[in-house]
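Here the sequence shown is numbered in my numbering, starting from -17 and rising by one per residue.
Glycine residues also receive a C-beta, built at the ideal position from the N, C-alpha and C atoms.
Only one structure is covered here, and it is reproduced in the block below.
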Amino acid sequence: MRTEKEKMIAGDFYLSGNDVEINAGLSRARSLLYKFNQSHPHDEELRYGIIKELFGKTPDLFLVETPFKCDHGFNISVGDYFFANFDCTMLDVAPITIGDRAYLGPKVGLYTANHPIDKDIRHEFYEFGSPITIGDDVWLGANTIVTPGVTIGSNVVIGAGSVVTKDIPDNVIAVGNPCKVLRPITDEDKAYWQTRKEEYQAELAEGNQKEEK
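Written out as structure tokens, the structure is:
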């Protein structure tokens, strides 16, 4: 017979109320989160180590700002150069998998947890979850919410305040509640931002030349 934790990870119905193994995991995560969220902002080594211990998979380079909140931690996997801004929440009763170079704005919420619609079953503490998957090079704007079971493709920008209830394909800008594709990300976008970068670098080089004189 499967444990309640195994059922939870598989996305099946499970009882969350009094399971010893699940509650021990929740307690572990809360202790680590307390240390992390109370830590000094310049104690980078401590903060880095706590997230390494908390998450299921982390790269060598990442940054998570405080406060940060999650259920378990072990169900969270993030790729290279992951960044989560202030007040991010991840309800990870099911796996949350995030690719490389993902940026999460302030107050982003990734919620895999779900409850029965029937009030009587819900009050008996039955729960279930569905995984969230986010590709490479994704930017979630501030206050974005991603609901259970959603997959977001790679090279995607989600506008601030969006509620993502359906899958989002690669290479698009999507916004709204519910979140919908606004337009594709194009070569014209790339050219525009490359020009902005070159203008910045030219101004910087000009300033350096003046200082050398």
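Asked: Unbroken beta strand (DSSP E) runs of length 3 or more, entirely within the region 67 to 135: which are they?; Found: 70 to 73, 78 to 80, 91 to 93, 108 to 111, 114 to 116 and 120 to 122
Asked: Under the rule that 16 or more other beta-carbon atoms within 10 Å means buried, what is valine 2, buried or exposed?; Found: exposed
Asked: In the DSSP assignment, find the unbroken alpha helix (DSSP H) run with serine 59 in it and report its ends.; Found: That residue, serine 59, is in no alpha helix (DSSP H); its beta strand (DSSP E) goes 58 to 60.
Asked: Using alpha carbons as the reference points, say which of His22, Glu106, Ala142 and Asn190 lies closest to valine 157.; Found: Ala142
Asked: Runs of 4 residues minimum, wholly inside the region -11 to 28: which ones carry the alpha helix (DSSP H) assignment?; Found: 2 to 19
Asked: Can glycine 81 and glycine 111 be called in contact, C-beta distance under 7 angstroms?; Found: no
Asked: Around the Cβ of asparagine 57, are there at least 16 other Cβ atoms within 10 angstroms (buried) or fewer (exposed)?; Found: buried
Asked: Which partner residues does leucine 45 have in the DSSP bridge list?; Found: Phe65
Asked: Do you know whose CA, among Gly87, Phe68, Leu43 and Gly38, lies nearest valine 75's CA?; Found: Gly38
Asked: Whose C-alpha, out of Phe18, Thr40, Leu45 and Pro160, is nearest the C-alpha of isoleucine 32?; Found: Phe18
Asked: Counting C-beta neighbours from all protein chains within 10 Å, is the total for proline 23 16 or more, i.e. buried, or is it exposed?; Found: exposed
Asked: Could you say if the region 169 to 179 and the region 132 to 148 meet the contact criterion of at least three C-beta pairs nearer than 8 angstroms?; Found: no
Asked: Find out if the Cβ-Cβ distance for the pair tyrosine 85, phenylalanine 65 is shorter than 7 angstroms.; Found: yes
Asked: Do you know offhand how far threonine 71's Cα is from leucine 36's?; Found: 14 angstroms
Asked: Measuring CB to CB, does aspartate 118 end up less than 7 angstroms from lysine 89?; Found: no
Asked: For asparagine 125 versus valine 145, is the C-beta distance shorter than 7 angstroms?; Found: no
Asked: On the criterion of 16 or more Cβ atoms from any shown chain inside 10 Å, does phenylalanine -5 qualify as buried, or is it exposed?; Found: exposed
Asked: By the DSSP assignment, the beta strand (DSSP E) with lysine 162 in it spans what residues?; Found: 162 to 166
Asked: Can you list, in chain order, the residues of its chain with a C-beta nearer than 6 angstroms to that of alanine 95? Leave out the 5 residues immediately preceding and following it.; Found: Leu73, Val75 and Gly111
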